[in-house]
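Down below is the structure, laid out as structure tokens.
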Amino acid sequence: MGVITEQIEARFDMNLAELQKAVTAAPQANREATEIVRWHGMLAESQKALEQAEGELVAVLETQPVELDDPAMEMAHRVNAAVAARDGRAMVVQWLLDPAAPGKQGLAAERLARLSRGGRQGPAVQTSAPRRPATAPERAMGRGALR
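Add 1295 to a position in the sequence shown, counting from 1, and you land on the number used in our numbering.
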């Protein structure tokens, strides 16, 4: 956590608390900073959950005989899941911090930029029936018209 926090602070040239305040005050001002702060917060939550799960597992292991029972194994699986969640979120933060990361340059980056701009507010296609005039136009009855 410390290394990632230092990288964020170096990237934005301010400490994390200041960056969080700036993002809270104006989340649209810098979408990149907003995303990094959001993911860093989720990373911190994951780290806290991991530490709690590890602490509970250690407490159980201290009272267990050599062979683990099902509740202890369940706690070990919970620790593994917490590690995976924490590591995944750390990878997202690292990707967000790296301007040369895969997908941030070339065609993929252009597509991502278009999507994140949010230019369109409504649906891509019309979702309601078009308005019809109060009176239907009279059909021509003549050559080629169906009767």
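We put the beta carbon where it would ideally sit given N, CA and C, even for glycine.
Could you give the residue range of the alpha helix (DSSP H) that holds residue i?
i, result
"residue 1309", "Premise fails: residue 1309 is in no alpha helix (DSSP H) and is neither H nor E."
"residue 1337", "1326 to 1358"
"residue 1389", "1365 to 1392"
Straight-line CA distance for residue i to residue j?
i, j, result
"residue 1322", "residue 1329", "6 Å"
"residue 1406", "residue 1367", "47 Å"
"residue 1383", "residue 1327", "18 Å"
"residue 1306", "residue 1378", "26 Å"
"residue 1316", "residue 1304", "13 Å"
"residue 1339", "residue 1296", "7 Å"
"residue 1401", "residue 1351", "47 Å"
"residue 1398", "residue 1347", "35 Å"
"residue 1376", "residue 1364", "19 Å"
"residue 1396", "residue 1324", "23 Å"
"residue 1320", "residue 1392", "21 Å"
"residue 1331", "residue 1359", "41 Å"
"residue 1309", "residue 1298", "15 Å"
"residue 1318", "residue 1362", "50 Å"
"residue 1426", "residue 1394", "48 Å"
Step through the CB atoms of chain D and report whether any lies within less than 8 Å of the CB of residue i.
i, result
"residue 1390", "Included in the structure is just one protein chain, with no chain D present."
Excluding the five sequence neighbours on either side, which residues of its own chain have a C-beta within less than 6 Å of the C-beta of residue i, listed in chain order?
i, result
"residue 1381", "1341, 1342 and 1345"
"residue 1349", "1374"
"residue 1302", "1392"
Contact check, residue i vs residue j under 8 Å by CB: the rounded distance?
i, j, result
"residue 1311", "residue 1300", "6 Å"
Check your understanding: Would the region 1350 to 1359 and the region 1369 to 1385 be scored as touching if the rule is three or more Cβ pairs under 8 Å?
Key -> yes
Practice item. Pair every Cβ in the region 1334 to 1353 with every Cβ in the region 1379 to 1395, then say whether three or more of these pairs are closer than 8 Å. Key: yes
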